[in-house]
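Counting from 0, one number per residue, gives the positions in the sequence shown under numbering that gives the first Met the number 0. In this text, a Cβ means the ideal position worked out from N, Cα and C, and glycines have one as well. These numbers were taken from a predicted model, which means no experiment stands behind them.
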Amino acid sequence: MTMLEDHATAVSSATPWPTAYPQGYAVVDVETTGLARDDRIISAAVYRLDARGEVEDHWYTLVNPERDPGPVWIHGLTSDVLEGAPLFAEVAGEFAERLDGRVLVAHNAVFDWQMIAREYARAEREAPVRQRLCTIALSKELGLPLPNFKLESLAAHFGVVQQRAHHALDDARVLAEAFRPSLRAAAADNVRLPLLECRPLTEWSDTPRIGRQASGPSGGYGGYGGSRPGGWRPARKRPACPYPNPGRYTDGGPLKQGMRVAFSGDTSTERELLEDRATEAGLHVATSLSRLTSLLVTNDPASGTSKVVKARQFGTPVVDEAAFGQLLRDVAPADG
Numbered sequence: 000m001t002m003l004e005d006h007a008t009a010v011s012s013a014t015p016w017p018t019a020y021p022q023g024y025a026v027v028d029v030e031t032t033g034l035a036r037d038d039r040i041i042s043a044a045v046y047r048l049d050a051r052g053e054v055e056d057h058w059y060t061l062v063n064p065e066r067d068p069g070p071v072w073i074h075g076l077t078s079d080v081l082e083g084a085p086l087f088a089e090v091a092g093e094f095a096e097r098l099d100g101r102v103l104v105a106h107n108a109v110f111d112w113q114m115i116a117r118e119y120a121r122a123e124r125e126a127p128v129r130q131r132l133c134t135i136a137l138s139k140e141l142g143l144p145l146p147n148f149k150l151e152s153l154a155a156h157f158g159v160v161q162q163r164a165h166h167a168l169d170d171a172r173v174l175a176e177a178f179r180p181s182l183r184a185a186a187a188d189n190v191r192l193p194l195l196e197c198r199p200l201t202e203w204s205d206t207p208r209i210g211r212q213a214s215g216p217s218g219g220y221g222g223y224g225g226s227r228p229g230g231w232r233p234a235r236k237r238p239a240c241p242y243p244n245p246g247r248y249t250d251g252g253p254l255k256q257g258m259r260v261a262f263s264g265d266t267s268t269e270r271e272l273l274e275d276r277a278t279e280a281g282l283h284v285a286t287s288l289s290r291l292t293s294l295l296v297t298n299d300p301a302s303g304t305s306k307v308v309k310a311r312q313f314g315t316p317v318v319d320e321a322a323f324g325q326l327l328r329d330v331a332p333a334d335g
């Protein structure tokens with residue numbers, strides 16, 4: 000047992016539990032046909048935990064995505080396997096029962112949440128969850144000495160044996176077992192949990208958008224005061240980045256917390272959800288581009304948008320969305 004686990008175990012009996020902590024958690028993993036906004040869930044698993052991280056029960060289902068299953072070599076779920084599986088709309092109620100009133104916990108939680116929210120919107124329903132907790136963000140809050148923030152590294156740190164990587168039920172089990180000592184360690188030091196709001200989509204269309212459109216007259220998106228295809232979430236002010244800007248991104252190196260990142264043009268992942276991932280990783284999401292910008296993310300570096308033009312003028316590094324997604328997996332901690 001590590002010192003962190005020792006310290007964490009002691010809190011369950013020796014120290015009062017923080018009263019502000021949630022009363023229950025739903026540790027979730029979903030496997031999908033891909034990473035884009037029109038991809039679908041093909042399997043889902045939920046481990047329900049009580050307020051102190053003890054397992055109450057677990058649930059797993061396959062889901063027929065009504066399309067090609069995507070990277071079978073990763074998740075192992077073929078069209079033949081999924082053909083007889085229920086549609087998401089048919090399991091939405093049972094899934095909702097396991098999420099209801101709990102904090103959604105996942106590894107890179109914004110991705111699991113965005114996939115779940117889209118599926119519920121397609122089914123013309125809402126997922127009954129209002130907060131999420133990313134175990135990557137919690138690991139950073141706790142200062143865990145991980146070589147990277149992959150699930151297998153977190154599992155290895157706590158001695159959790161992974162049996163079937165990229166199988167939703169086993170990934171959820173592994174995460175639940177790693178989350179429990181993490182939660183207890185946080186409680187022992189009264190660490191503020193990195194909870195983020197989950198805003199359900201109220202409508203959905205799989206029709207790809209063309210460019211970026213203006214929001215509705217009241218500043219909201221579909222279902223929040225303005226009509227916008229794709230079921231976009233309402234705009235909101237992001238919290239200030241707590242880390243100093245370490246400077247520009249260096250090609251071949253890692254992103255570092257505090258770097259200023261700007262986005263330009265269309266993205267396959269919903270823009271605000273992509274920005275959420277950047278914020279959760281400790282990056283500063285900039286709405287404009289200046290000489291202080293560390294990196295510009297665009298899928299069209301030859302375009303004439305103002306940000307791309309300024310990036311050329313200032314010599315700002317540029318990467319596409321896919322490369323940025325890879326970089327987000329291993330963001331280096333801020334200095335000091």
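Which listed residue (the options) has its alpha carbon closest to that of residue i
i	options	result
Leu-273	Asn-107, Thr-60, Val-71, Val-27	Asn-107
Gly-314	Leu-150, Glu-96, Thr-77, Gly-246	Gly-246
Asp-49	Val-26, Cys-133, Pro-68	Val-26
Thr-18	Ala-185, Tyr-46, Val-71	Ala-185
Phe-178	Ala-331, Leu-34, Arg-51, Leu-327	Arg-51
Asp-319	Asp-334, Leu-168, Val-296	Val-296
Asp-329	Ser-42, Phe-148, Phe-262	Phe-148
Ser-138	Pro-316, Val-284, Glu-279	Glu-279
Asp-28	Ala-120, Gln-113, Leu-86	Gln-113
Asp-275	His-74, Pro-127, Ala-136, Arg-97	Ala-136
Thr-323	Tyr-248, Arg-47, Ser-287, Ser-302	Correcting the residue identity first, residue 323 is Phe in this sequence and not Thr. Answer by Cα proximity: Tyr-248.
Asp-37	Glu-96, Phe-110, Leu-291	Phe-110
Ala-171	Ala-187, Gly-158, Ala-154	Ala-154
Glu-55	Tyr-46, Val-62, Asn-63	Tyr-46
Trp-16	Met-258, Leu-195, Lys-306, Leu-182	Leu-182
Ala-43	Glu-30, Ala-35, Leu-34	Glu-30
Glu-196	Leu-61, Arg-129, Ser-287	Arg-129
Ala-331	Ser-78, Leu-143, Val-173	Leu-143
Ile-368	His-166, Glu-82, Leu-34, His-156	Any answer about residue 368 is impossible in this case: the structure gives the chain only from 0 up to 335.
Pro-64	Pro-21, Arg-39, Ala-167	Arg-39
Ser-293	Leu-174, His-156, Val-260, Ala-88	Val-260
Asp-99	Pro-127, Lys-306, Ala-321	Pro-127
Ala-167	Val-307, Glu-53, Val-62	Val-62
Glu-118	Gln-162, Ala-88, Leu-145, Val-104	Ala-88
Gly-264	Asp-299, Val-284, Ala-277, Met-258	Asp-299
Glu-250	Val-317, Arg-270, Gly-303, Phe-157	According to the sequence displayed, residue 250 carries Asp and not Glu. Of the listed residues, the one whose Cα sits closest to Asp-250 is Val-317.
Arg-66	Asp-169, Gln-312, Thr-32	Thr-32
Reduced DSSP secondary structure (H/G/I, E/B, other) of residue i
i	result
Leu-174	helix
Pro-216	In this predicted model, Pro-216 has a pLDDT of only 26, less than 50, meaning its place in the structure is not dependable; the value taken from the coordinates is given anyway. Note: Pro-216 maps to coil in three-state DSSP.
Leu-272	helix
Leu-291	coil
Lys-149	coil
Phe-166	Reading off the sequence shown, one finds His at residue 166, where the question assumed Phe. Three-state DSSP puts His-166 in coil, outside helix and strand.
Arg-47	strand
Leu-200	coil
Ala-35	coil
Leu-195	strand
Ala-277	helix
Leu-143	coil
Ala-186	helix
Gln-161	coil
Lys-306	helix
Gly-324	helix
Pro-180	helix
Glu-4	A caution first: Glu-4 carries a pLDDT of 48, below 50, which makes its placement in the model unreliable, though a value can still be read off. In this structure, Glu-4 counts as helix in the three-state DSSP scheme.
Trp-16	coil
Anticipated Cβ contact below 8 Å, residue i with residue j, distance rounded
i	j	result
Gly-333	Pro-243	Residue 333 is actually Ala in this sequence, not Gly. Confirmed, Cβ separation roughly 7 Å.
Leu-282	Gln-256	7 Å
Ala-122	Ala-91	5 Å
Glu-176	Val-159	5 Å
Val-102	Leu-132	5 Å
Pro-68	Thr-77	6 Å
Those residues which DSSP pairs with residue i across a bridge
i	result
Cys-133	Ala-105
His-283	Arg-259
Val-318	Val-296
Pro-24	First, the residue type needs correcting, since residue 24 is Tyr and not Pro in the sequence shown. DSSP, once it has assigned bridges, lists Leu-48, Val-102 as partnering Tyr-24.
Ala-155	Partner(s): none; Ala-155 has no beta bridge.
Glu-342	There is no way to answer for residue 342, as the model of the chain reaches only from 0 to 335.
Ala-331	Lys-255
Cutoff 9 Å: residue i Cβ touching any chain E Cβ
i	result
Phe-262	Of the chains in the structure shown, none is chain E; there is only one protein chain.
Residue i: CB within 8 Å of a non-hydrogen atom of the ligand SAM
i	result
Asn-147	Absent from the structure shown: the ligand SAM. Ligands present: none.
Please list the segments of the alpha helix (DSSP H) lying wholly inside the region 51–129, counting only runs of 4 or more residues, in order along the chain. The region 51–129 contains these whole alpha helix (DSSP H) runs: 71–74, 78–82, 87–98, 108–121.
Curious, which full-length beta strand (DSSP E) runs of at least 3 residues does the region 233–262 contain? For the region 233–262, not a single whole beta strand (DSSP E) run of length 3 or above is found.
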